[in-house]
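Engineer: Numbering (the working numbering), first residue to last: 2 to 732.
Quick reminder that beta carbons are idealized off the backbone N, C-alpha and C, glycines included.
One structure, as structure tokens, below. Some questions next.
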Amino acid sequence: MQSVDKIKRIKKGFSLMKSAGISDIARVRRGIEADRETLKIFRLFGTSGIRGDTADISLSAVKAYEDKTIMSPKLAYLYGRAYGQVMKEDKMERKVWVGMDPRPSSMNMAQVLMEGLIDEGIDVFFNGVAITPTASFYPSSIIITGSHNLIEWNGIKGFMEGVPISFDLEWRIEKGFRAMEKLENEGKVIPLSQDRGVFQDNSNEVYTRYLVRARREQQDNFAGAIIPLDLAFGSSGSTLQRISPQIKVLLKTGACIVGYGTEIDGEKTNYRIGAGYPYGETPFKMTEGELTAFAQAKYGYGDGLKRSYYFPKDYRFKERSLTEDAITFCDGERAFFNVEEDTGLLKGLLNEIEGKELLPACSVDCDCDRILTTSVSLSHKAVPYLSGDMMMLLFALNLPNEIKKVVFTVESGMSIAKLLEKKGIEYEEVTVGDRAIADYIMESSQDKIAGGEPSGQERLERNERYKIAGGEPSGHIMFTAEEKGKLILIDDPIITYLKLLGIMKNVGKDFDSLVAEITSETEEVFTARRPEAWAGEPYGSGISLREKVDLELREAGQERLVLTPYAKGFIKRYIEIFAKGYIEAYYKNIEENKKEYPQIKSSFSLQLKEGYDIKGCVDRIPISVIQLSSAGALIEEIEVKLRATNKSWAGPADINLSFYAKDREGKSQLAGGVISRSSGTSPKNSAYNKLWFEHYPTGRKIGNKEIEEVTTKMAVKRVEFTDTYVKEVLR
């Protein structure tokens, strides 16, 4: 009812306005393009669409998002209309499938957005509460979700053919809703379509379609095992009326499930639960022993969460009373929801699962597009879970016939590239965000599907080319597959988990053994991201959109790479920071080096040009050499290179420096680096500070603790430089 009232209020305001003519619309759009080119306005889309804190804004909804990142129903309506306008301009099929997560604001957002689409003559198929990976089922899809963020947040993600919409399409949609707000300020409105679209409920179809998709990875033979499962009270959860398709496919393995937040509850989602919780992307800090309790399927994970228990169909209980007490679903699966502690029912259930094998604990986020896994053993480690990029390594090493190339983001530690290199597996590093991984994969494969039925040889060649997979530390894992002659991306944590179980079954090893095989060859080396630059109170107003542009690598509007004043200052200052950190790490922490070279001095030369022509897809441009000397003698040189690119997936605005040292054979080896970039949706500037644990000239090593201490100091100095620059130069 609330959303109906909001729709009426929004449309009543527009009904009192004059219709904008074609010339009005063209004029306003030209003005927006000019404002973009002259940096009067800035890109509103982040790495995952648009999202922010929710509020009901009646006027200037776009301005409210631009100034304070406020998501409003009015903005959702404008988004829907702008999306529909782009579809009509490009003569796409006028159908959009819309899904949402269960947070309190999602239904309002979804209904006003769908009204915007329908007003543009677009037919809408409503999937209801549905996980983000279901977007890959349809040619055009929109998901309303705040992802791993707090329930007060919400957002909009658009997809075409299952892939996040391109930067170009994002800009056209943004230009569309900016134009509508500008015209509204003039008392004008773009006329509605004469043929309204139609609405259709699609929740049953999407449910069935998910089960069909999951069949290709379905595993069995895990009877007698338990899956500890955290679904964050999100889109993949069950209700009393229907078991979720995600839980259904996991039960088909034969395993029982001990669930945490496995029921849909938008009021609780992401609060001390979900994949973002152990990863550290929520304000809530995990207490000691929580993750171990989760891995053991015991009480103690989250905020005093009650556990739910799920059993496969045809499961035979030891106690007949449990059969009578269970909720039985239509296909025979049984469940016990939110079982109270210290009750006879709980004792019976604990007796039921006693002695069963613990499979890896699986945690997803609210919209179910991230996965983190752990075990009892792993939960005691410094990094107490298997991050998404390390999981990608596990897959690449164990599925050589399925994965020929790995894509990971700049957030990853240096271990990923080092081990892939050692194993002879191709890889590519992209900028932050799952959409960067998706963009790279699709660009690499866009010419690899032609019309018509391929020959056997052509199909073999295509399948070889498709074998790209990607992952980022936060838990996004992407695989490619061919479906009806099209390349699709599968970014689904439940299917990823099924693949993991498949590896365990096929190679005959448990989860801990598979993880040990990776970490025994190269440990996951710490990357210092925090602290971050806010130029003010963290989570406050922070760094503005205008300031973010000034903190990028390149001047806007230039075809060549022309460095911004900030980039020039940053490069010089960071080379100084890295040189000091390098000396501390390898010449003060390694006792033999310290005795041999008690006094170390550093100096460097810097050669920066006014502009650079980018020749390749990604160029590494030599810009400096750091010289280390002791007692007047040169003992080591470190080459510094700047990464330059015009590819959106590679991060053309990121300041990406690499530092190379010579090993004992005189070969150049990557010793460390930094990637500085502005956050997509938060008013902050982040950097990833990296250092390898081996001192290449001597072959001597330092531990992860020393790396963490040194790189964290480097991160602090980097933040001091950036915050000072914003406050003293930009303000």
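Return the chain-ordered ranges of every beta strand (DSSP E) run that is complete within the stretch 350-383 and spans a minimum of 3 residues.
Structural biologist: 362-365 and 372-375
Engineer: Assuming contact is defined by CB atoms lying nearer than 8 angstroms, are residue 372 and residue 389 in contact in what I supplied?
Structural biologist: Position 371 of the sequence shown holds residue 372. Position 388 of the sequence shown holds residue 389. In contact: residue 372 and residue 389 (Cβ atoms closer than 8 angstroms).
Engineer: In the DSSP assignment, find the alpha helix (DSSP H) that holds residue 172 and state where it starts and stops.
Structural biologist: Counted from its first residue, the sequence shown places residue 172 at position 171. 168-186 is the span of the alpha helix (DSSP H), which, as asked, contains residue 172.
Engineer: Once you ignore the five residues that flank residue 513 on each side, which residues in its own chain have a CB closer than 8 angstroms to its CB?
Structural biologist: Taking the first residue of the sequence shown as 1, we reach residue 513 at position 512. Counting only Cβ-Cβ distances below 8 angstroms, and skipping sequence neighbours, we find 376, 378 and 379.
Engineer: From the DSSP output, in three-state form, read off residue 43 for me.
Structural biologist: Taking the first residue of the sequence shown as position 1, residue 43 is located at position 42. It is coil, neither helix nor strand.
Engineer: For residue 190, I'd like the list of residues in its chain whose CB is within less than 7 angstroms of its CB, leaving aside the five on either flank, ordered along the chain.
Structural biologist: Position 189 of the sequence shown, counting from 1, holds the residue named residue 190. 15, 18, 20, 21 and 184, listed in sequence order.
Engineer: Exposed or buried, which one is residue 551 when buried takes at least 16 other CB atoms within 10 Å?
Structural biologist: Residue mapping note: residue 551 aligns to position 550 of the sequence shown, counting from 1. Buried, by the Cβ-count rule.
Engineer: Can you give me the Cβ contacts of residue 569 inside the same chain, cut-off strictly under 7 angstroms, excluding the 5 residues immediately before and after it?
Structural biologist: As a position in the sequence shown, residue 569 is number 568, starting the count at 1. Cβ within range, chain order: 609.
Engineer: Whose CA, out of 469, 420 and 208, lies closest to the CA of residue 444?
Structural biologist: Within the sequence shown, residue 444 is the residue found at index 443, counting from 1. Measuring C-alpha to C-alpha distances from residue 444 to each of 469, 420 and 208 identifies 469 as the nearest.
Engineer: Look up residue 54 in the DSSP assignment and say whether it is helix, strand or coil.
Structural biologist: Your numbering for residue 54 matches position 53 in the sequence shown. Here residue 54 sits in strand by DSSP.
Engineer: When the distance is taken between beta carbons, is residue 365 closer than 8 angstroms to residue 275?
Structural biologist: Within the sequence shown, the letter at position 274 stands for residue 275. Within the sequence shown, the letter at position 364 stands for residue 365. Yes. Within cutoff.
Engineer: Can you give the beta carbon distance from residue 318 to residue 268, rounded, assuming they're within the 8 angstroms contact cut?
Structural biologist: The residue given as residue 318 occupies position 317 in the sequence shown. The residue given as residue 268 occupies position 267 in the sequence shown. Not a contact, Cβ separation roughly 32 angstroms.
Engineer: Measuring alpha carbon to alpha carbon, tell me which residue in 328, 128, 83 and 154 is nearest residue 192.
Structural biologist: For this step, residue 192 is matched to residue 191 along the sequence shown. Per the Cα distances, 83.
Engineer: Smallest Cα separation from residue 481: which of 164, 668, 673 and 325?
Structural biologist: Position 480 of the sequence shown, counted from the first residue, corresponds to residue 481. Of 164, 668, 673 and 325, the residue nearest in Cα terms is 164.
Engineer: Answer yes if the stretch 579-589 comes into contact with the stretch 704-717, meaning at least three C-beta pairs across the two stretches below 8 angstroms, and no otherwise.
Structural biologist: Short answer: they touch.
Engineer: Could you check what DSSP says for residue 607 in three-state terms: helix, strand or coil?
Structural biologist: Taking the sequence shown and counting its residues from 1, one reaches residue 607 at position 606. If DSSP states are grouped into helix, strand and coil, residue 607 belongs with the strands.
Engineer: Considering only the beta carbon of each residue, do residue 63 and residue 79 sit closer than 8 angstroms?
Structural biologist: Residue numbering aside, residue 63 sits at position 62 when the sequence shown is read from its first letter. Residue numbering aside, residue 79 sits at position 78 when the sequence shown is read from its first letter. The answer is yes: Cβ separation under 8 angstroms.
Engineer: Please classify residue 451 as buried or exposed, where buried requires at least 16 other C-beta atoms within 10 Å of its C-beta.
Structural biologist: Here the question's residue 451 lines up with position 450 in the sequence shown. Interpretation of residue 451 is limited by its pLDDT of 45, a score under 50 that renders its predicted location unreliable; no figure is taken from the coordinates.
Engineer: Which residues mark the beginning and the end of the alpha helix (DSSP H) in which residue 527 is found?
Structural biologist: As a first step, residue 527 is located in the sequence shown; it is residue number 526 there, counting from the start. Run containing residue 527: none; DSSP gives neither H nor E here.
Engineer: Since residue 176 contacts residue 30 with CB under 8 angstroms, what's their CB separation in whole angstroms?
Structural biologist: The residue given as residue 176 occupies position 175 in the sequence shown. The residue given as residue 30 occupies position 29 in the sequence shown. Rounded, the Cβ-Cβ distance is 6 angstroms, consistent with contact.
Engineer: Within this structure, are the beta carbons of residue 104 and residue 123 separated by less than 8 angstroms?
Structural biologist: Counting from 1 along the sequence shown, the entry for residue 104 is found at position 103. Counting from 1 along the sequence shown, the entry for residue 123 is found at position 122. Residue 104 is not a Cβ neighbour of residue 123, given a cutoff of 8 angstroms.
Engineer: Determine the extent of the beta strand (DSSP E) in which residue 621 is found, giving its start and end residues.
Structural biologist: Taking the sequence shown and counting its residues from 1, one reaches residue 621 at position 620. It spans 619-631 - the beta strand (DSSP E) in which residue 621 sits, taken as one unbroken run.
Engineer: Locate the alpha helix (DSSP H) running through residue 819, then write down its first and last residues.
Structural biologist: Lying before the first or after the last residue shown, residue 819 is absent from the chain, which here runs from 2 to 732.
Engineer: Taking contact to mean 3 or more Cβ pairs, one atom from each stretch, closer than 8 angstroms, check whether the stretch 137-149 and the stretch 215-231 are in contact.
Structural biologist: no
Engineer: Helix, strand or coil for residue 443? Go by DSSP, reduced to three states.
Structural biologist: Translated into the one-based positions of the sequence shown, residue 443 becomes position 442. Helix at residue 443.
Engineer: Determine the direct distance from the alpha carbon of residue 497 to that of residue 52, and round the result to whole angstroms.
Structural biologist: Along the sequence shown, read from residue 1 onward, the residue named residue 52 stands at position 51. Along the sequence shown, read from residue 1 onward, the residue named residue 497 stands at position 496. The C-alpha of residue 497 is placed about 26 angstroms away from the C-alpha of residue 52.
Engineer: Could you tell me whether the Cβ atoms of residue 159 and residue 118 are closer together than 8 angstroms?
Structural biologist: One-based indexing of the sequence shown puts residue 159 at position 158. One-based indexing of the sequence shown puts residue 118 at position 117. Taking 8 angstroms as the Cβ cut-off, residue 159 and residue 118 do not qualify as a contacting pair.
Engineer: Give me the Cα-Cα distance between residue 384 and residue 731, rounded to the nearest whole angstrom.
Structural biologist: The count along the sequence shown starts at 1 and reaches residue 384 at position 383. The count along the sequence shown starts at 1 and reaches residue 731 at position 730. Computed Cα separation, rounded: 38 angstroms.
Engineer: Using only the alpha-carbon positions, how far apart do residue 360 and residue 338 sit?
Structural biologist: Within the sequence shown, the letter at position 359 stands for residue 360. Within the sequence shown, the letter at position 337 stands for residue 338. Approximately 21 angstroms, taken between the alpha carbons.
Engineer: With residue 229 as the anchor, note down where its beta strand (DSSP E) starts and where it stops.
Structural biologist: Along the sequence shown, read from residue 1 onward, the residue named residue 229 stands at position 228. Here the beta strand (DSSP E) through residue 229 covers 226-231.
Engineer: Would you report the Cα separation of residue 651 and residue 619, rounded to the nearest angstrom?
Structural biologist: By 1-based counting over the sequence shown, the position of residue 651 is 650. By 1-based counting over the sequence shown, the position of residue 619 is 618. C-alpha separation (whole angstroms): 8 angstroms.
Engineer: Which word fits residue 600, buried or exposed, when buried means at least 16 other C-beta atoms lie within 10 angstroms of its C-beta?
Structural biologist: Residue 600 sits at position 599 when you count from the first residue of the sequence shown. Exposed is the call here.
Engineer: Please report the straight-line C-alpha distance between residue 396 and residue 404, rounded to a whole angstrom.
Structural biologist: The residue labelled residue 396 in the question sits at position 395 within the sequence shown. The residue labelled residue 404 in the question sits at position 403 within the sequence shown. Rounded to whole angstroms, residue 396 to residue 404 spans 8 angstroms at the Cα level.
Engineer: Since residue 655 contacts residue 677 with CB under 8 angstroms, what's their CB separation in whole angstroms?
Structural biologist: As a working mapping, residue 655 is identified with position 654 in the sequence shown. As a working mapping, residue 677 is identified with position 676 in the sequence shown. At roughly 7 angstroms, the Cβ-Cβ gap stays under 8 angstroms, so residue 655 and residue 677 are in contact.
Engineer: Taking buried to mean at least 16 other C-beta atoms within 10 Å of its own C-beta, is residue 553 buried or exposed?
Structural biologist: Reading the sequence shown from its first residue, position 552 is the one you call residue 553. Buried, by the Cβ-count rule.
Engineer: Whether or not the stretch 109-118 and the stretch 67-79 are in contact is what I'm after, with contact meaning three or more pairs of Cβ atoms, one per stretch, closer than 8 angstroms; do they touch?
Structural biologist: Yes, they touch.
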